[in-house]
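Chains as they are written, first to last, in the working numbering: chain A, 1 to 108; chain B, 1 to 113. The beta carbon of each residue, even a glycine, is placed where N, CA and C say it ideally should be. A quick note: this is a predicted structure, and the numbers were derived from the prediction, not measured.
Set out below in structure tokens:
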């Protein structure tokens, strides 16, 4: 079954609004990573965050292991934030599972 | 930041032919991966590779697929023979730094005609 579930599947924002993306996992994990992908593009690592909270500019990632969830917060969204956001769960044996992603569209 | 290079960026071949996708991983990384992504769909795990061996592979990693990294050169994915359903973007990734962060290449778009 699906080991990593992301929500929402899609999200439309007006520029300047905030976004909260969720990733829930059904198994134990060694690490959690968030990626960004433009349509037809490669994956860019946003956060490697096995636990706790990390900040990078307008982005914040929080992973709570005992609740089996990780979130990505985007503040003051911009049109250039549009794309797909993926979370990836690493279990033992360096096996990495991806969620289905959240498709974000930020309108001007 | 660290770069994973993939060659070629686009490959067009006829069904039944062999194709080799090349990946130059981050230099000090030890774990290598191939993922397959059909347009608009989820990124799907194919295989991971460590110390010269396949560690784990998914059911998408058919018998026609093979991977190797001879003498520390390119990490390759070979498909022989190719099928129409192999058309996709194939992403290579590597990890193995202190944080085990996964770095992806730009992908090779494979079109099987």
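Interface residues of chain B facing residue i [CB-CB closer than 9 Å]
i                    : result
residue 45 (chain A) : 1, 101, 102, 103 and 104
Residue i and residue j closer than 8 Å at C-beta
i                     : j                    : result
residue 86 (chain A)  : residue 11 (chain A) : no
residue 92 (chain A)  : residue 6 (chain A)  : no
residue 72 (chain A)  : residue 32 (chain A) : no
residue 44 (chain A)  : residue 23 (chain A) : no
residue 107 (chain A) : residue 15 (chain A) : yes
residue 70 (chain A)  : residue 18 (chain A) : no
residue 11 (chain B)  : residue 92 (chain B) : no
residue 28 (chain B)  : residue 72 (chain B) : no
Candidates the options, of which the one nearest residue i by Cα
i                    : options                   : result
residue 82 (chain A) : A:68, A:7 and A:102       : A:102
residue 46 (chain B) : B:53, B:52 and B:33       : B:33
residue 13 (chain A) : A:80, A:95 and A:97       : A:80
residue 9 (chain A)  : A:84, A:95 and A:96       : A:84
residue 34 (chain A) : A:42, A:63, A:47 and A:41 : A:47
Anticipated Cβ contact below 8 Å, residue i with residue j, distance rounded
i                     : j                     : result
residue 112 (chain B) : residue 87 (chain B)  : 5 Å
residue 2 (chain B)   : residue 103 (chain B) : 5 Å
residue 48 (chain B)  : residue 38 (chain A)  : Not quite, the Cβ-Cβ distance comes to about 25 Å (not below 8 Å), so this is no contact.
residue 44 (chain B)  : residue 30 (chain B)  : Their Cβ separation, rounded to whole angstroms, is 23 Å, which puts residue 44 (chain B) and residue 30 (chain B) out of contact at 8 Å.
Neighbouring residues, chain B, relative to residue i (Cβ below 8 Å)
i                    : result
residue 88 (chain A) : 102
Within chain A, partners of residue i - CB distance below 8 Å
i                    : result
residue 52 (chain B) : What residue 52 (chain B) touches in chain A: nothing, since even the nearest Cβ is about 15 Å away.
Item checked: Sufficient close CB pairs (3 or more, under 8 Å) joining the segment 65-83 of chain B to the segment 23-34 of chain A -> no
Check: Does the count of Cβ pairs from the segment 6-26 of chain B and the segment 101-111 of chain B closer than 8 Å reach three?
Finding: yes
Check: Does the segment 8-17 of chain B come close enough to the segment 56-68 of chain A that 3 or more CB-CB pairs lie under 8 Å?
Finding: no
Check: Going along the chain, which residues of the segment 7-29 of chain B sit with their C-beta nearer than 9 Å to a C-beta in chain E?
Finding: In the structure shown, chain E does not exist; the protein chains are A and B.
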